[in-house]
Amino acid sequence: MSAHQQYVGRLAPSPTGLLHVGHAATFWTAYQRAQERHGILLLRDEDLDPQRSKQEFVDAMLEDLAWLGIEWTAPMIVQSKRLILYREAFLRLLAEGLAYPCSCSRRELARMVAAPHEDTDDEPVYSGRCRPTTTAARTFSEGVNYRFRVPEGETVSFTDVNMGAQNYTAGADFGDFLVWRKDGLPSYQLACVVDDAAMGITEVVRGADLLKSTARQILLQRALSLGAVDYFHTRLVRDADGVRLAKRHDALAIRKLRERGLRCEDVRAMFAR
Ligand code: GLU
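Residue 28 is where the sequence shown starts when you use our numbering, and the numbers rise one by one after that.
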């Protein structure tokens, strides 16, 4: 980001459950960074999971963010209303031979899983079973999953504002990943990159569990000729036993803490910098 550019940050919650302390810590950092830089903070509702996204969680999240004292610039951007943008980007990838259809079932994918990583929700590296040998442009069919062809062996490097130098190798740290789903929706990775560019985001603040997603998204940005963004990954909040708070949803939901009589100052003290 250049010195004269206005800082534009974003909060990008998924309305699939109640906001908990782990999320709130990241959102609080995003809010503080925008404030300190006299920037703006946009809110994006990442509601592209039709099975799990619920309006009651959107309402709860708005209430909880406001209760925590986090302010954003209205109006909220809702991903399910922007499908045309994602589809356009996906069709460009397809026309350039950078995406291909994948017919692997969930069960097949599960079988390909190597030892699960201990402390990350990241998906296993795709085996390449459906990857075509040539990069000829593919046509689009409804009802099919599509993957992005990562440049095998290429190292994606970026300097995280908080965590310093990061290097991830395509094909080793992550494999070909979904960009379009057979239910007619974009993947998180694609929607996120398209929106961060369209919203003019200058810095993405997100949890360190998404570091490899950032590497994937940098590849998508390049493939779509979108501008680069700065990244600030927050360290994951853990309890006294070292368990990630994000893993303990209910007990640490912001509204549960509030119902137990905690004040917003008490909750903020759990993650204040
Ligand atoms: N919606 C994502 C989540 O709640 C965060 C996405 C992001 O920061 O890019 O985990």
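Ideal Cβ placement from N, Cα and C applies to all residues, glycine included.
Suppose the cutoff is 7 Å on Cβ atoms and the five residues either side in sequence are ignored; what does the same chain contact list for E169 look like? Taking the first residue of the sequence shown as 1, we reach residue 169 at position 142. Hits under 7 Å: G211.
Can you name the residues that DSSP bridges to R174? Counting from one through the sequence shown, the residue named residue 174 turns up at place 147. According to DSSP, which records beta bridges pairwise, R174 is partnered with Y127 and L205.
Name the two residues that bound the continuous alpha helix (DSSP H) containing Q62. As a working note, residue 62 is residue 35 in the sequence shown. Looking at the DSSP string, the run of the alpha helix (DSSP H) that includes Q62 is V48 to E63.
For the beta strand (DSSP E) holding M190, just list the boundary residues, first then last. Within the sequence shown, residue 190 is the residue found at index 163, counting from 1. Per DSSP, M190 lies in no beta strand (DSSP E) segment and is marked neither H nor E.
Please identify the residue among A164, I111, R265 and L112 whose C-alpha is closest to the C-alpha of A122. Locating residue 122 in the sequence shown gives position 95, counting from the first residue. Looking at the Cα atoms, A164 is the closest of the given residues.
Span of the beta strand (DSSP E) around Y153: Looking up residue 153 in the sequence shown gives position 126. Counting along the chain, Y153 falls outside any beta strand (DSSP E), and DSSP gives it neither H nor E.
From which residue to which residue does the beta strand (DSSP E) around R243 run? As a working mapping, residue 243 is identified with position 216 in the sequence shown. Not the beta strand (DSSP E): R243 falls in the alpha helix (DSSP H), residues L238 to A250.
DSSP state of M103 mapped onto helix, strand, coil: Here the question's residue 103 lines up with position 76 in the sequence shown. In this structure, M103 counts as strand in the three-state DSSP scheme.
Cβ atoms of G254 and V35: under 8 Å apart, would you say? Within the sequence shown, numbered from 1, the residue matching residue 35 stands at position 8. Within the sequence shown, numbered from 1, the residue matching residue 254 stands at position 227. Taking 8 Å as the cut-off, the Cβ atoms of V35 and G254 do not count as close.
For the region 75 to 82 against the region 177 to 193, do three or more pairs of beta-carbon atoms, one drawn from each stretch, fall closer than 8 Å, so that the two count as touching? Taking 8 Å as the limit for Cβ pairs, the verdict is that the region 177 to 193 does not touch the region 75 to 82.
Is L302 helix, strand or coil when you go by DSSP? For the chain, the structure presents residues 28 to 300; residue 302 sits outside this window and is missing.
Alpha carbon to alpha carbon, how far is V206 from R134? Against the sequence shown, residue 206 aligns to sequence position 179. Against the sequence shown, residue 134 aligns to sequence position 107. V206 and R134 have their alpha carbons spaced roughly 19 Å apart.
Please tell me whether L38 and A57 are closer than 8 Å, where the distance is taken between their beta carbons. Numbered from its first residue, the sequence shown carries residue 38 at position 11. Numbered from its first residue, the sequence shown carries residue 57 at position 30. Yes, these two residues count as a Cβ contact at 8 Å.
Can you tell me which of the three DSSP states L212 falls into? Taking the first residue of the sequence shown as 1, we reach residue 212 at position 185. In this structure, L212 counts as coil in the three-state DSSP scheme.
Would you decide whether E145 is buried or exposed? Buried here means 16 or more other CB atoms lie within 10 Å of its CB. Counting from one through the sequence shown, the residue named residue 145 turns up at place 118. With a pLDDT of only 43 at E145, under 50, the local geometry of the prediction cannot be trusted, and the value read off the model is given with reservation. Burial call: exposed.
Could you have a look at F117 and say whether DSSP puts it in helix, strand or coil? Numbered from 1 along the sequence shown, position 90 holds the residue referred to as residue 117. In this structure, F117 counts as helix in the three-state DSSP scheme.
Beta carbon of S240 nearer than 8 Å to that of Q216: As a working note, residue 240 is residue 213 in the sequence shown. As a working note, residue 216 is residue 189 in the sequence shown. Between S240 and Q216, the C-beta gap is smaller than 8 Å, which places the two residues in contact.
I need the straight-line Cα distance from V152 to S130, nearest angstrom please. Here residue 152 is taken as the residue at index 125 of the sequence shown, counted from 1. Here residue 130 is taken as the residue at index 103 of the sequence shown, counted from 1. Computed Cα separation, rounded: 16 Å.
Can you give the Cα-Cα distance for Q244 and L92, rounded to whole angstroms? As a position in the sequence shown, residue 244 is number 217, starting the count at 1. As a position in the sequence shown, residue 92 is number 65, starting the count at 1. One alpha carbon belongs to Q244, the other to L92, and they sit about 26 Å apart.
Let me make sure I understand the geometry here. Which of R158, T160 and L118 has the alpha-carbon closest to that of F167? Against the sequence shown, residue 167 aligns to sequence position 140. With distances taken between Cα atoms, F167 lies closest to L118.
Which same chain residues end up closer than 6 Å to A192 when comparing Cβ atoms and leaving out the 5 residues on each side of it in sequence? As a first step, residue 192 must be located in the sequence shown, where it is residue number 165. Cβ within range, chain order: T186.
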